[in-house]
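Student: As you go down the protein sequences, you meet chains A and B in turn.
Each residue of the first sequence is one higher than the one before, starting from 1 at the first, in the working numbering.
Each residue of the second sequence is one higher than the one before, starting from 1 at the first, in the working numbering.
Just passing along the structure, written as structure tokens.
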Amino acid sequence: DAMVIQNPRYQVTQFGKPVTLSCSQTLNHNVMYWYQQKSSQAPKLLFHYYDKDFNNEADTPDNFQSRRPNTSFCFLDIRSPGLGDAAMYLCATSGGRLNSPLHFGNGTRLTVT
Amino acid sequence: GQQVMQIPQYQHVQEGEDFTTYCNSSTTLSNIQWYKQRPGGHPVFLIQLVKSGEVKKQKRLTFQFGEAKKNSSLHITATQTTDVGTYFCAASMDSNYQLIWGAGTKLIIKP
Chain A
1 DAMVIQNPRY QVTQFGKPVT LSCSQTLNHN VMYWYQQKSS QAPKLLFHYY
51 DKDFNNEADT PDNFQSRRPN TSFCFLDIRS PGLGDAAMYL CATSGGRLNS
101 PLHFGNGTRL TVT
Chain B
1 GQQVMQIPQY QHVQEGEDFT TYCNSSTTLS NIQWYKQRPG GHPVFLIQLV
51 KSGEVKKQKR LTFQFGEAKK NSSLHITATQ TTDVGTYFCA ASMDSNYQLI
101 WGAGTKLIIK P
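See the structure below:
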């Protein structure tokens with residue numbers, strides 16, 4: 001089945017220690033997104049790739065970076081995690097336009113100690 | 001910035017009762033989508049509405065898009081325990097713009 005896969009499912013990192021979350025997709029979608037979701041809140045868009053074009057949301061901290069080496073893979077790098085960065089990180093894809101339906105991965109729950 | 005208001009924040013119902021959540025925008029929307037997120041899970045796409053006055057049904061779920069394309073609702077008839085979760089609307093003003101998410105409505109079944 002075509003899908004969006006995130007690894008790992010759970011990630012624990014230390015305060016200030018860089019961490020990378022990964023996402024892969026077999027849907028061949030041109031748009032990939034990274035969302036941050038904290039408890040009882042809506043997903044918050046961090047950035048997206050439209051094909052190879054990177055688009056950062058205005059309020060996304062510089063601490064968050066992303067890479068998309070090819071259509072199938074996308075990475076979220078948190079350079080110096082703080083306690084406030086503990087959250088669920090959701091990767092999503094969509095085909096076509098920016099307002100097309102989203103296909104989410106299972107998410108990576110990040111804990112910062 | 002643009003906002004989509006979703007109410008209520010929580011709804012407690014007895015199993016078998018109906019559930020409704022509403023989303024409203026001050027701006028005309030291009031389309032609106034609905035997602036369901038089970039506890040501990042990820043959002044799952046349910047449906048997309050694009051036409052003025054559109055009504056779509058999925059079994060016990062009824063989705064409506066207002067005539068002015070500024071509001072939408074999701075109604076669940078005779079809730080079941082499998083309906084538990086948070087329902088989000090996500091709307092766009094234009095195909096070149098990102099989705100704007102509502103705050104979500106959490107459906108809780110009373111024991």
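Note that CB positions come from ideal geometry on N, CA and C, so glycine has one too.
(1) Counting Cβ pairs, one atom from each stretch, are 3 or more of them under 8 Å apart for the stretch 20-31 of chain A and the stretch 80-98 of chain B?
(2) Is the stretch 16-25 of chain A touching the stretch 71-80 of chain A, taking contact as three or more C-beta pairs under 8 Å?
(3) According to DSSP, is B:Thr-20 helix, strand or coil?
(4) On the premise that B:Trp-34 lies in contact with B:Phe-65, defined as a C-beta separation below 8 Å, what is that separation, rounded to the nearest angstrom?
(5) Is it buried or exposed, B:Ala-68, if we count other Cβ atoms within 10 angstroms and call 16 or more buried?
(6) Please report the straight-line C-alpha distance between A:Ile-5 and A:Phe-47, rounded to a whole angstrom.
(7) Quick one, which of B:Trp-101, B:Asp-83, B:Ser-30, B:Pro-39 has its alpha-carbon nearest B:Ala-90's?
(8) Along chain A, in chain order, which residues have C-beta atoms closer than 9 Å to that of B:Gly-157?
(9) With DSSP as the reference, label B:Leu-29 as helix, strand or coil.
(10) In the DSSP assignment, what residue or residues form a beta bridge with A:Leu-46?
(11) Should A:Ala-42 go down as buried or exposed, given a rule of 16 or more other Cβ atoms within 10 Å for buried?
(12) Is any beta-carbon of chain A found at less than 9 Å from that of B:Ser-30?
(13) Since A:Arg-97 meets chain B, which of its residues come closer than 7 Å, beta carbon to beta carbon?
(14) Along chain B, which residues have their Cβ under 7 Å away from the Cβ of A:His-29?
(15) As a quick exercise: from B:Thr-79, B:Thr-82, B:Lys-57, B:His-75, pick the residue whose alpha carbon is nearest that of B:Ile-7.
(16) I want to verify the contact list: residues of chain A whose CB lies under 7 Å from the CB of B:His-42, in sequence order.
(17) What is the DSSP secondary structure of B:Thr-105, reduced to helix, strand or coil?
Tutor: A quick look at the data gives this:
(1) no
(2) yes
(3) strand
(4) Between B:Trp-34 and B:Phe-65 the Cβ distance is about 10 Å, and since that is not below 8 Å, they are no contact.
(5) exposed
(6) 18 Å
(7) B:Trp-101
(8) The requested residue 157 of chain B does not occur in the structure, where chain B is confined to residues 1 to 111.
(9) coil
(10) Per DSSP, none; premise fails for A:Leu-46.
(11) buried
(12) yes
(13) Ser-95
(14) Neighbours of A:His-29 on chain B: none; closest Cβ ~13 Å, over 7 Å.
(15) B:His-75
(16) Leu-90, Phe-104, Gly-105, Asn-106, Gly-107
(17) strand
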